Amino acid sequence: MAYSEKRNQNLMNLIKGMHGFVESADIEKHRHSQNQLGSLLRNNKEVTYTEITMGGIHGEWVSVNRAHMKKYVILYCHGGGYSTGSCLYGRTLTTKLAMTTSMDVLSFDYRLAPEHPYPAALKDALKVWDYLMLLGYGARDIILAGDSAGGNLALTLVLRLNEQKRLLPRGLILMSPWTDLTSSGESHISRADVDPVLSKEYIDRMILAYTGEKAKKTKNLQNPYISPLFGDFTGFPPTYIQVGDNEILLSDSLRLHEKMVKANVSVKLDHFMGMWHVFQMSPFKTAYEAMDKNAEFIYDICR
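Laid out in structure tokens, this is it:
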């Protein structure tokens, strides 16, 4: 094994161990462990976290402590399989986004399954979108971003806005988006043995909690507001997708990119070899380079 391959394998083993420490079959313990991880960033002197409430939905603004752009805002949807995660846990990404873009980031705590299954999260996302409208932002002032299930939520929010013939965000940033809850992509099999973060068992639990459906190709799971891969992307804003080669959700991104190209969406995909699910959370060089690429995309569409 070459040095770089061995180093990458060691990294994946470390990530697998850390993820195993955080993940728990007890959903409350899982949520608590994630929040503890996010709270480690609480004392970052370069960033301010300001808690807010939006129509009963808790959220926070993440802002850099220096002169920064106020015209545009990033609306962030956290991941966690729709059953875990929070804006506190999301700080592992929202902090980097705020620092690399010098833009304010708004993250929010949508209701979680199984206590609040589909479509609770989508309804909450719409409320937060409307909150930004009330603050005076236009749709074109907003960059919508999300990771994993948050990428799913970002996509379904745009699908809903499009269905309602409302103006759409300026752009979309998706990190390892979960787009297909039928789990029909080839990588669910080909990457099953190498993915250090996700497993079929974990995904199946999340699907059941969120939809009440078992992980099989049912008509319900092909609902575009559950599996946005099956949606109509006509008219979608510029989109940037990042995905790791060693994740079972690889096909979710590759197929999304393919469908968006066919729908004439201005879409770009970066496929990171040797990387895993939402590797951008990790504190190492490739993760920071990926976040820089997110910033470059934002700068390009905001010109």
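When we follow our numbering, the leftmost residue of the sequence shown carries the number 10, and every step to the right adds one. For every residue, glycine included, the Cβ atom is placed at its ideal position computed from N, Cα and C. Quick caveat, the model's predicted, so the values are computed rather than measured.
Check	Outcome
Proximity below 9 Å, CB of L168 to CB of L207	no
V270 - containing alpha helix (DSSP H), residue span	L259 to K271
Element boundaries [beta strand (DSSP E), containing G253]	T248 to G253
Ordered list of beta strand (DSSP E) runs contained in the stretch 179 to 213, each at least 3 residues	180 to 184
Where M282 falls: helix, strand or coil (DSSP)	coil
Simplified DSSP assignment, three categories, for V71	strand
Residue from L230, M108 and G147 whose Cα sits closest to the Cα of E55	M108
Reference S291, options T110, T165 and G99, closest by Cα	G99
DSSP-derived helix/strand/coil call for L9	Nothing can be reported for residue 9, as the shown portion of the chain is limited to 10 through 312.
8 Å contact criterion, which L238 and D189 should meet: CB distance rounded	4 Å
A76 to L106 span [Cα, whole Å]	15 Å
Three or more C-beta pairs below 8 Å linking the stretch 169 to 176 and the stretch 213 to 220	no
Rounded straight-line distance, which links the Cα of Q251 to that of M284	10 Å
Secondary structure, alpha helix (DSSP H): runs of 4+ residues fully inside the stretch 107 to 182	129 to 144 and 158 to 172
Distance CB(A158)-CB(Y91) smaller than 9 Å	yes
A148 vs A154 beta-carbon contact at 9 Å	no
Where D309 falls, given that 16 or more other Cβ within 10 Å makes a residue buried	exposed
Euclidean distance between Cα positions of K38 and P186	24 Å
Continuous beta strand (DSSP E) stretch holding K223: start and end	That residue, K223, is in no beta strand (DSSP E); it is neither H nor E in DSSP.
CA-to-CA distance, S192 to I198, given in whole angstroms	10 Å
Range of the contiguous beta strand (DSSP E) that encloses I83	M78 to C86
Counted within 10 angstroms of its Cβ, other Cβ atoms place K201 as buried (16 or more) or exposed	Lys is not the amino acid found at residue 201; the sequence shown has Ala there. With fewer than 16 other Cβ atoms within 10 Å, it is exposed.
DSSP bridge partner residues for M215 (one or two, in chain order)	For M215, which the question treats as bridged, DSSP gives no partner whatsoever.
C96 beta carbon less than 9 Å from that of R65	The residue you asked about is not Arg; residue 65 is Gly in the sequence shown. In this structure, C96 does not lie closer than 9 Å to G65 by Cβ.
Distance between N229 and N303 (C-alpha atoms, nearest Å)	33 Å
Length of the line joining the Cα atoms of A296 and E124	33 Å
Span separating the alpha-carbon of E210 from that of S196	15 Å
Pairwise C-alpha distance: L143 and H286	35 Å
Neighbour-count burial assignment, Q45, 16 or more Cβ in a 10 Å radius	exposed
G180 versus I152: straight-line alpha-carbon distance, rounded	5 Å
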